[in-house]
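K.L.:
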Amino acid sequence: MTRVLVIDDEPQILRALRINLSVRGYDVRTAATGAEALRAAADFRPDVVVLDLGLPDMSGIDVLGGLRGWSSAPVLVLSARTDAFDKVAALDAGADDYVTKPFGMDEFLARLRAAVRRSTSTETSAEPIVETSSFTVDLANKVVTKNGRQIHLTPTEWGILEILVRNSGKLVTREQLLTEVWGPTYAKSSHYLRVYLAQLRRKLEDDPSHPIHLLTEAGMGHRFRP
Numbered sequence: 001m002t003r004v005l006v007i008d009d010e011p012q013i014l015r016a017l018r019i020n021l022s023v024r025g026y027d028v029r030t031a032a033t034g035a036e037a038l039r040a041a042a043d044f045r046p047d048v049v050v051l052d053l054g055l056p057d058m059s060g061i062d063v064l065g066g067l068r069g070w071s072s073a074p075v076l077v078l079s080a081r082t083d084a085f086d087k088v089a090a091l092d093a094g095a096d097d098y099v100t101k102p103f104g105m106d107e108f109l110a111r112l113r114a115a116v117r118r119s120t121s122t123e124t125s126a127e128p129i130v131e132t133s134s135f136t137v138d139l140a141n142k143v144v145t146k147n148g149r150q151i152h153l154t155p156t157e158w159g160i161l162e163i164l165v166r167n168s169g170k171l172v173t174r175e176q177l178l179t180e181v182w183g184p185t186y187a188k189s190s191h192y193l194r195v196y197l198a199q200l201r202r203k204l205e206d207d208p209s210h211p212i213h214l215l216t217e218a219g220m221g222h223r224f225r226p
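Under full-length UniProt numbering, the first residue of the sequence shown is numbered 1, with each subsequent residue one higher.
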């Protein structure tokens, strides 16, 4: 039974999610504050976390940071905040998806199932180590090294790189990258990709202005070449 921890200070949201998830066979635990959530996470060891950013005692980002210190469980942020800054901050802090309130229950449940599938797949499959002339990507441990040094990537940078590496040699459309990393509402926000791909090239390519591994095909998408 998949364990779900729902963290939100709105009683009606907690009740609705507890009922909808329980009837579908999930084991559900709820928390209304950040402190309660961190205690519950340590005790309950959830397989997936649903997290509101606007908690009464601490920022949801701080809760996310606390969770990411020891847990790799996928985190779905559920928030009324629609500003792009909040979404990027949450994803960079380690969130796996971002759902805005009000939300449709069917879409929410689909995103929850997808997060659990991705997490299970990562844990159970044998992941390759991909080597290029400039850097090495360890998909299992989510580690990138260059010239013998580990390169720090933000969760968003890693998300983009991982999708490209897993589709090595294939064209990945801008819409696909944006949807998988930021969510379907960002499918047309190509400026996000430009910024993050530029950062990845500065960190990984030997000559960022003339990349040979992280390629852009104008008007179409992006491609990883080992």
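All residues carry an ideal CB built from backbone N, CA and C; glycine is no exception.
Just checking Arg118 against the ligand NAD - is the residue's beta carbon closer than 6 Å to any of the ligand's heavy atoms?
P.N.:
This structure lacks the ligand NAD; in fact it carries no ligand of any kind.
K.L.:
Note the first and the last residue of the continuous alpha helix (DSSP H) segment covering Thr179.
P.N.:
Along the sequence shown, one-based indexing puts residue 179 at 179. Note, Thr179: alpha helix (DSSP H), 174–182.
K.L.:
Select from Asp8, Val181, Thr2 the residue whose C-alpha is nearest the C-alpha of Leu21.
P.N.:
Within the sequence shown, the letter at position 21 stands for residue 21. Taking only the C-alpha atoms, the option nearest Leu21 is Thr2.
K.L.:
Using only the alpha-carbon positions, how far apart do His152 and Val143 sit?
P.N.:
Reading the sequence shown from its first residue, position 152 is the one you call residue 152. Reading the sequence shown from its first residue, position 143 is the one you call residue 143. Computed Cα separation, rounded: 8 Å.
K.L.:
So, is the C-beta of Glu205 closer than 7 Å to a C-beta in chain B?
P.N.:
Absent from the structure is chain B; it holds one protein chain and no more.
K.L.:
So what does DSSP say about Leu78, is it helix, strand or coil?
P.N.:
Start at 1 with the first residue of the sequence shown, and residue 78 comes out as number 78. Three-state result, Leu78: strand.
K.L.:
Check for me: the beta strand (DSSP E) holding Gly221 runs from which residue to which?
P.N.:
Translated into positions along the sequence shown, residue 221 becomes position 221. Element bounds for Gly221: 221–224.
K.L.:
State the start and end residues of the unbroken alpha helix (DSSP H) segment that holds Ile13.
P.N.:
Taking the first residue of the sequence shown as 1, we reach residue 13 at position 13. Residues 11–22.
K.L.:
Using a Cβ-Cβ cutoff of less than 7 Å, which residues in the same chain neighbour Asp52 once the five nearest sequence positions on both sides are dropped?
P.N.:
Here residue 52 corresponds to residue number 52 of the sequence shown, with the count starting at 1. Hits under 7 Å: Ile7, Asp8, Asp9, Gly60, Leu78, Ser79.
K.L.:
Helix, strand or coil for Glu157? Go by DSSP, reduced to three states.
P.N.:
Looking up residue 157 in the sequence shown gives position 157. Three-state result, Glu157: helix.
K.L.:
If you run the structure through DSSP and keep just helix, strand and coil, what is Lys146?
P.N.:
Mapped onto the sequence shown, residue 146 falls at position 146. Three-state result, Lys146: strand.
K.L.:
Within the continuous alpha helix (DSSP H) that includes Tyr196, where are the two ends?
P.N.:
Reading the sequence shown from its first residue, position 196 is the one you call residue 196. First-last of the alpha helix (DSSP H) with Tyr196: 190–204.
K.L.:
Return the chain-ordered list of same chain residues with a C-beta closer than 7 Å to the C-beta of Phe108, the five sequence neighbours on each side being excluded.
P.N.:
Sequence index remark: in the sequence shown, residue 108 carries index 108 (1-based). Cβ within range, chain order: Val99.
K.L.:
For the candidate residues Ser133, Ser134, Gln150, whose alpha-carbon lies nearest to that of Asn141?
P.N.:
Along the sequence shown, read from residue 1 onward, the residue named residue 141 stands at position 141. Per the Cα distances, Gln150.
K.L.:
Span of the beta strand (DSSP E) holding residue 227?
P.N.:
Nothing can be reported for residue 227, as the shown portion of the chain is limited to 1 through 226.
K.L.:
Determine the DSSP secondary structure at Gly104, reduced to helix, strand or coil.
P.N.:
For the purposes of this step, residue 104 is taken as residue 104 along the sequence shown, with counting starting at 1. Looking at Gly104 - three-state DSSP - the assignment turns out to be coil, as it is neither helix nor strand.
K.L.:
In the DSSP assignment, what residue or residues form a beta bridge with Arg118?
P.N.:
Start at 1 with the first residue of the sequence shown, and residue 118 comes out as number 118. The partner list for Arg118 (beta bridge, DSSP) is empty, contrary to what the question assumes.
K.L.:
Report the three-state DSSP secondary structure of Gly54 (helix, strand or coil).
P.N.:
Locating residue 54 in the sequence shown gives position 54, where the first residue counts as 1. Here Gly54 sits in strand by DSSP.
K.L.:
Checking 7 Å against the spacing of the C-beta atoms, do Val181 and Ile160 come in under that value?
P.N.:
As a position in the sequence shown, residue 181 is number 181, starting the count at 1. As a position in the sequence shown, residue 160 is number 160, starting the count at 1. A contact, by the Cβ cut-off of 7 Å.
K.L.:
State yes or no: is the C-beta of Gly221 within less than 7 Å of the C-beta of Leu178?
P.N.:
By 1-based counting over the sequence shown, the position of residue 221 is 221. By 1-based counting over the sequence shown, the position of residue 178 is 178. No, the pair does not count as a contact, with Cβ atoms beyond the cut-off.
K.L.:
Would you identify the three-state DSSP class for Thr185, choosing helix, strand or coil?
P.N.:
Here residue 185 refers to the residue found at position 185 when the sequence shown is read from its first residue. Note: Thr185 maps to helix in three-state DSSP.
K.L.:
Since Asp97 sits in a beta bridge, which residues does DSSP pair it with?
P.N.:
For the purposes of this step, residue 97 is taken as residue 97 along the sequence shown, with counting starting at 1. According to DSSP, which records beta bridges pairwise, Asp97 is partnered with Leu76.
K.L.:
When you compare only the Cα positions, how much space is there between Ile212 and Arg225?
P.N.:
Here the question's residue 212 lines up with position 212 in the sequence shown. Here the question's residue 225 lines up with position 225 in the sequence shown. Ile212 and Arg225: Cα-Cα distance of roughly 7 Å.
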